[in-house]
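Residue numbers (the numbering used here): 1 to 380.
For each residue, glycine too, the CB sits at the ideal point set by N, CA and C.
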Ligand code: HEC
Ligand code: HEC
C-alpha cells in the first residue's frame, strides 16, 4: 500500500516492483562481502532457490517470510535459535485463529523500561505472529524496528501447501475460512496501525502486563529480568489484575481486546473515547506502592454506570457498563455484535470496529458474567 509512494518520493529508482537492479546495496555490502564471496554460496545445502540478499524491498521489508530470520530451516519450519517463542497472559481474539508468537532481540540489547507502562524496544527487534486456521498457516505478521521511533511491518500470506509466504500489504478477505464458514480477514498494513499505533512503541502484548501475568509463557517478564534483557530491575516480575476470578478475567479480556485503541496515548485510535487499558503501574506502581483496586481502574471510572451516547430500546441511555444488566451495557453489546457477512465492519455495529468478522463468545461471556455480579446503577 504505502510502498509505491515511499519509493517514488524517497528512492526514485529501485522500487519494489522495479525490474531494474537497485545497484550496490550500502547496508548489506562491506562486511558480508568480505566474509562471503557471494550470497548464493552462503545459502547452504538445504536452502531453497530464494536469494535472500536480493529479497529486501526499498522500505527494508523482505518480500518473503523465509528471508526474515524467523526460521533456521524454512523447509522444516525449524525456528532459528536466537528467535524465542512467547505468549502473552491474555490473547487477542482473532476470529478463532490459533496463534504463535516469536521475538528476536539483538544480542546484548536491552528493552528500555524507564517508562514502566510504555516500553521502548531496541533497534533491530523483530516480532512475528503466526495465524493458523484448521491447522494450516494462513498468515505470519512481522514488526521490525529500524531506528528510534521507526518500525516497519507487513503480513506474509502463506500459499495453500505452506511452502511459501509472500508479503501482502493490501489485505484480503478470505471467504469461508472464519468461524461458521464466515470470512476471515487478513488486515492491510494501514489497519495494523489502527491498533498498533495505540502504544508508544507500537508493540502490543509483549509488554509488562502481557508478560507479567501468571498465564504468560516463553519470554515472560520474570525471564526477561533474569536474562538481563531489561534496562533496570522491574518493580515486580509477576502481575495480576485486581478483583476475584470473575472480575479479573473480565478485566484481562477487555484490556487485551479493547485497550490498545481505547487509551490515553497520542496515537490511540479511540483515545478520545473511554479508556479501557490497564497500566502496569496500576498493578505494580514503580514506587512500590499498593496496586489499584477494581474501582480505581480507568475501565471502572470511565465505564461503570457511565452514560454512553446511545438510546437503548427502553428510551433510556445505554451505559458503557450497566451493573447487573449486560444487555444494557454498550461495551458488551458492541463486543457481541458483527456486521452481516458481505459488509465491511463499522464502529456503529461492532467492536473491534475493523478486521474481526466473528464474535468472541467465550470472551464476551467472561465480561457479561462480571457485569451480572455488579450492583445496579442509579436510575437515570
Ligand atoms: C484489531 C487490532 C489489531 C490489528 C488490526 C492488528 N493487530 Fe497485531 N496485535 C494486536 C494485539 C492486541 C496484539 C497483542 C495480543 C496478542 O498477541 O494476542 C498484537 C500482536 C501482534 C504481534 C506480536 C507483538 C507485536 O506487537 O509485534 C505482531 C507481530 C503483530 N501483532 C503484527 C500485526 C500486523 C503486521 C498487523 C497488520 C497486518 C496487525 N498486527 C494488525 C492487535 C491488532
Ligand atoms: C481498532 C481500534 C478499536 C478496538 C480494538 C476497539 N475499539 Fe471501541 N471504538 C473505537 C473507535 C475508533 C471508536 C469511536 C467510533 C466513533 O465514534 O465513530 C470506538 C467506540 C467505542 C464505543 C462507543 C460507541 C458509541 O456509540 O459511542 C464503545 C462502547 C466501544 N468502542 C467499546 C469497545 C470494546 C468493548 C472493545 C473491545 C471488545 C473495543 N471497543 C475495541 C476503536 C476500537
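Return the Cβ separation of residue i and residue j in integer angstroms, given the expectation that the two are a contact with Cβ distance under 8 Å.
i	j	result
residue 77	residue 71	6 Å
residue 118	residue 200	4 Å
residue 240	residue 213	7 Å
residue 381	residue 93	Here the chain has residues from 1 to 380 only, and residue 381 is not among them.
residue 128	residue 137	Not quite, the Cβ-Cβ distance comes to about 12 Å (not below 8 Å), so this is no contact.
residue 339	residue 346	6 Å
residue 433	residue 122	One cannot answer for residue 433 here, as it falls past the ends of the chain, which runs 1 to 380.
residue 116	residue 286	5 Å
residue 215	residue 89	4 Å
residue 324	residue 375	7 Å
residue 98	residue 132	5 Å
residue 176	residue 235	In fact, because the Cβ distance is near 47 Å, the residues do not count as touching under 8 Å.
If I measure Cβ to Cβ from residue i and keep anything under 7 Å in the same chain, skipping five residues before and after, which residues do I get?
i	result
residue 307	317, 319
residue 21	Note that residue 21 scores 35 on pLDDT, short of 50, meaning its location in the model is unreliable; the coordinates nonetheless yield the value given after this. Once the five neighbours on either side are set aside, residue 21 has no close Cβ partner at all.
residue 179	95, 96, 358
residue 264	271, 275
residue 363	93, 253, 257
residue 63	55, 57, 166, 167
residue 227	none
residue 267	197, 198
residue 246	369, 370, 373
Excluding the 5 residues preceding and the 5 following residue i in the sequence, name in chain order all residues of the same chain whose CB lies nearer than 8 Å to its CB.
i	result
residue 367	250, 253, 254, 326, 331, 332, 335
residue 79	70, 71, 72, 85, 102
residue 106	122, 123, 124, 125
residue 371	250, 321, 322, 323, 324, 325, 326, 329, 332
residue 224	111, 211, 230
residue 349	334, 337, 338, 339
Does the distance between the C-beta of residue i and the nearest non-hydrogen atom of ligand 2 fall short of 6 Å?
i	result
residue 263	no
residue 334	yes
residue 305	no
residue 354	yes
residue 197	no
residue 310	yes
Following a CB-centred definition, is residue i positioned closer than 6 Å to any heavy atom of ligand 3?
i	result
residue 346	Among the ligands in the structure shown, ligand 3 does not appear; only ligand 1 and ligand 2 can be found there.
Mapping DSSP to helix, strand and coil, what is residue i?
i	result
residue 85	strand
residue 367	helix
residue 125	coil
residue 4	At residue 4, the pLDDT of 33 sits below 50, so the modelled position is not reliable; the number obtained from the coordinates is stated separately. Of the three classes helix, strand and coil, the one that applies to residue 4 here is helix, per DSSP.
residue 25	Because the pLDDT at residue 25 is just 38, under 50, the model does not fix this residue reliably, and the point stays unresolved.
residue 196	helix
residue 247	helix
residue 271	coil
residue 46	Only weak support exists for where residue 46 lies, its pLDDT of 47 falling under 50; the value from the coordinates is given anyway. Note: residue 46 maps to coil in three-state DSSP.
residue 437	In the structure as shown, the chain starts at 1 and stops at 380, and residue 437 therefore has no counterpart that could be examined.
residue 223	helix
residue 217	strand
residue 373	helix
residue 56	strand
residue 280	helix
residue 37	The predicted model places residue 37 with a pLDDT of 38, which falls under 50 and marks its position as unreliable; any figure quoted below should be read in that light. In this structure, residue 37 counts as coil in the three-state DSSP scheme.
residue 64	strand
residue 349	coil
residue 238	coil
residue 208	helix
Cβ of residue i within 6 Å of any heavy atom in ligand 1?
i	result
residue 317	no
residue 272	no
residue 206	yes
residue 191	yes
residue 129	yes
residue 241	no
residue 275	no
residue 377	no
residue 153	yes
residue 269	no
Considering only residues of the same chain and omitting the five flanking positions on each side of residue i, which have a CB-CB separation below 6 Å?
i	result
residue 248	241
residue 172	186
residue 151	143, 145, 202
residue 292	282
residue 192	153
residue 220	211
residue 322	328, 329, 377
residue 259	276, 277
residue 217	87
residue 66	50, 74
Would residue i count as contacting chain D if we go by Cβ distances under 7 Å?
i	result
residue 61	Protein chain content of the structure displayed is limited to a single chain, and chain D is not contained in it.
Exercise. Which ranges would you report for the beta strand (DSSP E) in the segment 158-190 if only whole runs of at least 3 residues count?
Worked result: If we require 3 residues or more, the beta strand (DSSP E) runs fully inside the segment 158-190 come out as 165-168, 172-174, 184-186.
For this session: Just list the beta strand (DSSP E) runs in the segment 291-321, keeping only unbroken ones of 3 residues or longer that don't cross its boundaries, in chain order.
Result: 307-311, 317-319
For this session: Note down, one range per segment and in chain order, each beta strand (DSSP E) of at least 3 residues found wholly within the segment 87-154.
Result: With a minimum length of 3 residues, the continuous beta strand (DSSP E) runs that stay inside the segment 87-154 are 98-104, 126-133, 136-147.
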